[in-house]
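Protein chains in written order, with our numbering: chain H, 1 to 118; chain Z, 119 to 233.
Note that the Cβ used here is the ideal one computed from N, Cα and C, for glycine as well.
Small disclaimer: the values here were computed from a predicted structure and weren't measured.
Okay, so here's the structure we're looking at.
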């Protein structure tokens, strides 16, 4: 199956700083990627859809000025949490759809990034 | 609007027991896809199965089997002869038929298999 990586796998930062998380499709191209957030013992909630060459689409209630998304190339999307606060501490996961045949209907997930804001 | 309900928050079984995880979904689409993912303690989501709305055949893969019933809008997952390594959070998810559509996840079921 398709492989998606994320970097870093975990990060601790001070309140008020910005944190950048990278999501890469390693063996395929992804014109679209998705960013999810998962709080402890909760489900995954879609934050935004990242589109290569155009603006991201944010879900209702997600602040686009706080969670900056840049889809710089067909294999890289970045999520920047600006002026992070403790309530932003969460598990951030990206995904990308497969590109051929039946795999197009399947989302392949990265390993996730654990963010802790002190 | 789309919705996925996993009524079982936590399930605890003893090794070698069979266990069924329930999933009920809501959608107005005629074309849609259903998924099951496993999330072990490491956090990475592992894809288990995809089923489209036109294929109601049940599927078996080793100790895993899935029962898709459109009449009851359910897509249940059974693990036969459970093992400790099956302990994880299992998510059922729904996607609209349009390509690259987003996933709507259920709340997840925490499965603990005791030795």
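>> Which residue wins for smallest C-alpha separation from residue 148 (chain Z), given the options Z:165, Z:189 and Z:196?
In response: Your numbering for residue 148 (chain Z) matches position 30 in the second chain. Restricting attention to Z:165, Z:189 and Z:196, the CA atom closest to the CA of residue 148 (chain Z) is found in Z:189.
> Which of helix, strand or coil does DSSP assign to residue 55 (chain H)?
Replying inline: Numbered from its first residue, the first chain carries residue 55 (chain H) at position 55. For residue 55 (chain H), the secondary structure class from DSSP, reduced to helix, strand or coil, is coil.
> Closest Cβ-Cβ distance between residue 109 (chain H) and chain Z: below 8 Å?
Replying inline: Locating residue 109 (chain H) in the first chain gives position 109, where the first residue counts as 1. It does; some Cβ of chain Z falls within 8 Å.
> Does residue 168 (chain Z) come within less than 8 Å of chain H when only Cβ atoms are used?
Replying inline: Here residue 168 (chain Z) refers to the residue found at position 50 of the second chain. Yes, residue 168 (chain Z) counts as interfacial toward chain H.
> Enumerated in chain order, which unbroken segments of the beta strand (DSSP E) with a length of 3 residues or greater are wholly contained in the stretch 28-80 of chain H?
Replying inline: 32-38, 44-51 and 67-73, all fully within the stretch 28-80 of chain H.
> List, in order along the chain, the chain C residues whose C-beta lies closer than 8 Å to that of residue 121 (chain Z)?
Replying inline: No chain C appears in the structure shown, which is made up of the protein chains H and Z.
> For residue 82 (chain H), which residues in chain Z fall below 8 Å Cβ to Cβ?
Replying inline: Against the first chain, residue 82 (chain H) aligns to sequence position 82. Listed along chain Z, no residue sits closer than 8 Å to residue 82 (chain H) by beta-carbon distance, the nearest being about 23 Å off.
> residue 78 (chain H): buried (16+ other C-beta within 10 angstroms of its C-beta) or exposed?
Replying inline: The residue you call residue 78 (chain H) lines up with position 78 of the first chain. When all chains shown are included, residue 78 (chain H) counts as buried.
>> Strictly by DSSP, which residues pair up with residue 94 (chain H)?
In response: Taking the first residue of the first chain as position 1, residue 94 (chain H) is located at position 94. The secondary-structure analysis by DSSP pairs residue 94 (chain H) across a beta bridge with H:35.
> Roughly how far, in whole angstroms, is the beta-carbon of residue 76 (chain H) from the beta-carbon of residue 37 (chain H), given that I think they are within contact range, below 8 Å?
Replying inline: As a first step, residue 76 (chain H) is located in the first chain; it is residue number 76 there, counting from the start. As a first step, residue 37 (chain H) is located in the first chain; it is residue number 37 there, counting from the start. With 8 Å as the limit, residue 76 (chain H) and residue 37 (chain H) do not qualify as a contact, their Cβ atoms being about 20 Å apart.
> Does the stretch 41-52 of chain H come close enough to the stretch 220-227 of chain Z that 3 or more CB-CB pairs lie under 8 Å?
Replying inline: Because the criterion of three Cβ pairs below 8 Å is met, the stretch 220-227 of chain Z and the stretch 41-52 of chain H touch.
> So is residue 119 (chain H) buried or exposed if we call it buried at 16+ other beta carbons inside 10 Å?
Replying inline: No information on residue 119 (chain H) is available, as it lies outside the stretch 1 to 118 that chain H covers here.
> Are the C-beta of residue 226 (chain Z) and some C-beta of chain H separated by less than 8 Å?
Replying inline: As a first step, residue 226 (chain Z) must be located in the second chain, where it is residue number 108. Residue 226 (chain Z) counts as touching chain H.
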